[in-house]
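Notes follow once the structure below has been shown.
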Amino acid sequence: MVKKTLFQLHWFFGITAGLVLALMGITGAAVSFQDELLRLFNPEALKVHVREGGVLPPAELVRRVEAEHGDKVAMLWVDTRTDNAARVFFTPPPGERRGEMRYADPYTGALQGDVSGQDFFGLMLQLHRFLAIGDTGRQITGACTLMLVFFCLSGLYLRWPRQALNWRNWLTLDWAKKGRAFNWDLHAVAGTWCLVFYLLAALTGLFWSYEWYREGLNKLLADGPVAGEQRKRGEGRGRPPAPDKNAPPLVVDYDAIWSSLQTAAGPGLSTYNLRLPPAGGQPATLFYLLDNADHERAFNTLTLDPATGQVRKHERFTDKSFKAQLLASVYALHVGSYFGLTGRILMMLASLSMPLFFITGWLLYLDRRRKKRQIRVARNGMTAPASGENSWLVGFASQSGFAEQLAWQSAGQLQAAGFAVNVRALADLSETDLRQANKALFVVSTFGDGEAPDSARTFERKVLGQPWALGSLDYALLALGDRQYTHFCGFAKRLHDWLGTRGAKARFAPVEVDNADPHALQQWQEQLAQLTGSPVASNWQAPAFETWTLTRRERLNPGSQGSAVYLLGLMPAQPARWEAGDLVEILPQNNPAISPREYSIASIASDGMLELIVRQEQHPDGTLGLGSGWLTEQAPLASPIDLRLRRNSGFHLPTTPAPLILIGNGTGLAGLRSLLKARIEAGERRNWLLFGERNEAHDFLCREELQGWLRTGELARLDLAFSRDQAEKVYVQDRLREQAAELRQWLAEGASLYVCGSLHGMAGGVDAVLKEVLGTAEVEHLIEQGRYRRDVY
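Mapped onto this note's numbering, the consecutive letters of the sequence shown carry residue numbers 12 to 804.
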């Protein structure tokens with residue numbers, strides 16, 4: 012139960028906070044070597060000539076800088092032995108936290124020229140810390156940083172391998188894997204490599220996000236005050252005291268300060284940073300670094316009277332306890348410089364890798380969605396559920412959708428042998444269902460290391476272990492799992508054991524399938540054939556291709572800056588039937604080793620012609636896409652086309668009359684057009700289409716048809732988004748956001764949402780706007796009700 016909950020939270024937080032963390036990773040990497048890059052591109056301003064006499068004392072340096080600039084100096088940052096320009100901060104204007112910063116030659120006091128690139132790095136830092144939206148952004152980045160800690164710990168727990176002491180299980184990537192398996196492996200292995208860096212960055216980054224966290228670290232790590240000294244709240248954070256309006260003017264004796272610094276630091280002084288108070292009567296803070304310092308932020312600190320240079324407090328980094336040294340090194344730990352140049356490089360690379368986890372996480376999520384669509388295909392041709400003496404109960408428990416797909420295919424094999432079937436999710440089965448069933452098939456997957464799929468967790472908790480009498484039940488079990496886990500097919504085995512203890516009889520030993528092994532699946536089919544007395548079914552194959560004729564090819568976007576889009580018409584040899592929302596698979600004839608290409612149908616069966624809207628794909632080398640090239644150019648008109656229809660019940664129209672909101676872009680109009688045609692044929696006029704493309708002049712696909720439906724009232728609303736017709740790009744999701752009030756009203760009246768088109772960009776953007784306008788819980792409720800459906804590619 013804990014593992015399932017962690018997985019759901021890991022997944023949910025990943026697809027919500029992942030984008031912000033990806034941005035934080037990229038921007039953090041961008042500023043990792045900010046100083047080095049600025050010096051590289053601005054050598055005339057940031058590099059100075061080292062002189063034998065050494066840098067100017069602070070008094071002379073400040074005098075020359077103030078004389079040239081005209082403002083008082085508030086802070087100095089000087090490298091005493093290098094060719095780096097000094098940083099000089101001037102007194103901030105009223106209400107400002109920090110004044111103007113200029114670079115100066117510490118050997119001559121001359122101000123340097125402008126530095127290009129500072130604005131860019133400033134923006135990167137603002138995005139990294141605040142998303143460039145101030146305190147609200149700081150709250151968002153802080154929350155996402157907390158989630159990063161959760162991702163690291165939960166990810167470690169979720170991927171704990173069977174042989175935990177074998178380093179290869181943790182750190183090696185199997186390049187031979189493909190698809191979902193490779194994405195999962197990449198997500199897990201790369202996450203392990205980056206785990207320490209992400210934990211370090213997150214646990215230190217929270218220091219600047221939350222006051223409670225900062226206070227907690229100070230209490231946990233800071234050394235206690237020495238005898239007779241009381242630590243003041245906020246001390247040691249580098250924050251200047253609040254200015255007092257009645258305070259005397261600031262008086263600074265730079266010679267005395269310099270003398271105190273030389274006495275404290277000795278000949279090993281490498282860098283100093285003087286920070287003056289805003290008014291008199293307050294201490295100045297002087298950080299200095301020795302040439303043998305542990306790292307670039309291992310500062311010693313002098314607290315002194317700016318008017319006399321008298322030292323009030325001297326804190327040496329080496330005198331601190333180890334935990335206090337860690338507290339003083341929060342920034343160095345955050346950027347990796349605590350471990351030298353190697354640490355900085357590794358932290359930068361880990362930060363650059365952050366988008367990888369957002370991308371692979373989404374790919375895994377979308378793969379689960381795709382498998383649900385495949386399940387609906389497997390249901391094609393099944394009759395209504397049945398019960399009775401000769402009927403079979405087919406129960407399934409699926410995590411990714413594969414078990415459900417196989418359950419429907421098994422039911423199809425039984426039905427082909429003349430048996431009635433009743434296909435049910437395991438979670439929906441009750442004691443009555445199991446007692447009344449004389450014959451049953453169970454197709455059950457195991458999630459992770461022996462756990463039940465999410466959909467069957469309630470079943471395992473409430474049913475397994477119950478003392479039900481199931482002596483009249485004969486059953487067969489197909490178990491799906493992964494042998495890399497210790498408890499291979501663990502949930503299926505627990506189900507099998509429970510059924511046996513309750514008196515149910517297994518017709519044959521459970522068939523265990525490792526990673527969709529085709530040989531094991533064939534064995535299952537052979538066993539089913541023996542049960543039913545029917546011939547052994549061939550491997551579950553899709554329907555055969557039929558020969559259709561290409562009768563129409565019309566370009567819909569002449570003059571477009573994008574790829575050509577064509578309206579294609581195909582005629583069957585015999586009348587064919589399909590439903591609005593269904594798909595076709597085309598087998599191109601321009602390459603003997605190819606696979607079918609899938610397209611949304613753009614017409615309805617009563618049109619007498621199957622129509623497609625296809626964009627001609629061009630590869631970088633100028634060659635045409637396999638399927639689109641065959642249909643739009645290479646296949647002559649009147650030539651035969653190998654085609655098969657594919658049911659897509661997940662994109663069929665609602666069974667009861669209700670308003671319909673259709674959203675799509677580009678050739679996604681095809682699937683929406685078939686739905687609109689079916690709605691218009693049925694007399695339904697509450698139809699709202701939101702459609703987007705490049706330019707209205709050339710890319711308004713099916714313009715006359717859509718505007719005609721709008722004029723006759725068969726299309727109640729038509730909102731268009733042509734992204735390149737104005738300086739600022741506008742997309743279909745932007746139109747949806749603009750009509751948020753109308754969207755809520757239509758949904759309140761029972762409307763359903765159908766989205767068709769590009770997965771990346773449009774579909775994701777629409778989903779984000781829906782969650783923004785309606786809330787995530789309401790969007791999930793619409794999905795559960797079947798009122799939010801997508802056919803995206």
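Heads up, the beta-carbon is just placed ideally off N, CA and C, and yes, glycines get one too.
If you count every other CB in all the chains shown that lies within 10 Å of the CB of residue i, and 16 or more means buried, which is it?
i           : result
residue 450 : buried
residue 718 : exposed
residue 245 : For residue 245, the predicted model reports a pLDDT of 46, less than 50, meaning its position is unreliable and no value from the coordinates is stated.
residue 349 : buried
residue 28  : buried
residue 643 : buried
residue 710 : buried
residue 328 : buried
residue 176 : exposed
residue 634 : exposed
residue 182 : exposed
residue 809 : Because residue 809 is not part of the residues shown, which for the chain are 12 to 804, the question remains open.
residue 794 : exposed
residue 257 : exposed
residue 239 : Residue confidence is low: residue 239 scores 47 on pLDDT, short of 50, so the model does not pin down where it sits. Its coordinate-derived value is still stated next. Residue 239 should be labelled exposed.
residue 464 : buried
residue 504 : buried
residue 32  : buried
residue 572 : exposed
Tell me whether the beta-carbon of residue i lies closer than 8 angstroms to the beta-carbon of residue j.
i           : j           : result
residue 533 : residue 519 : no
residue 266 : residue 70  : yes
residue 213 : residue 159 : yes
residue 43  : residue 152 : no
residue 37  : residue 365 : yes
residue 232 : residue 335 : yes
residue 576 : residue 626 : yes
residue 677 : residue 769 : yes
residue 209 : residue 361 : yes
residue 732 : residue 746 : yes
residue 470 : residue 437 : yes
residue 640 : residue 601 : yes
residue 493 : residue 499 : yes
residue 84  : residue 66  : no
residue 123 : residue 130 : no
residue 883 : residue 306 : With the chain represented from 12 up to 804, any question about residue 883 goes unanswered, as that position is not in the structure.
residue 686 : residue 587 : no
residue 432 : residue 440 : no
residue 406 : residue 435 : yes
residue 302 : residue 277 : no
residue 409 : residue 415 : yes
Would you mind giving the Cβ-Cβ distance between residue i and residue j, rounded to the nearest angstrom? I have them listed as a contact below 8 angstroms.
i           : j           : result
residue 764 : residue 674 : 7 angstroms
residue 357 : residue 372 : Residue 357 to residue 372, Cβ: 23 angstroms. No contact.
residue 403 : residue 481 : About 15 angstroms separates the two Cβ atoms, so there is no contact after all.
residue 322 : residue 271 : 5 angstroms
residue 629 : residue 574 : 6 angstroms
residue 689 : residue 615 : 5 angstroms
So, with DSSP's three-state summary, where would you put residue i?
i           : result
residue 572 : coil
residue 58  : strand
residue 96  : coil
residue 479 : coil
residue 44  : coil
residue 563 : strand
residue 245 : Below a pLDDT of 50, predicted positions are generally treated as unreliable, and residue 245, at 46, falls in that range; the measurement from the model is reported next regardless. Coil at residue 245, not helix or strand.
residue 516 : strand
residue 718 : helix
residue 149 : helix
residue 205 : helix
residue 450 : strand
residue 31  : helix
residue 777 : helix
residue 646 : coil
residue 325 : strand
residue 798 : coil
Checklist entry - With contact counted as at least three CB pairs below 8 angstroms, one residue from each stretch, are the region 54-71 and the region 94-110 in contact? => result yes
Checklist entry - Within the chosen definition, does the region 649-668 reach the region 578-589 through at least 3 CB pairs nearer than 8 angstroms? => result yes
Item to check | Segment contact flag, the region 736-745 with the region 771-778, C-beta cutoff 8 angstroms, min 3 pairs | outcome: yes
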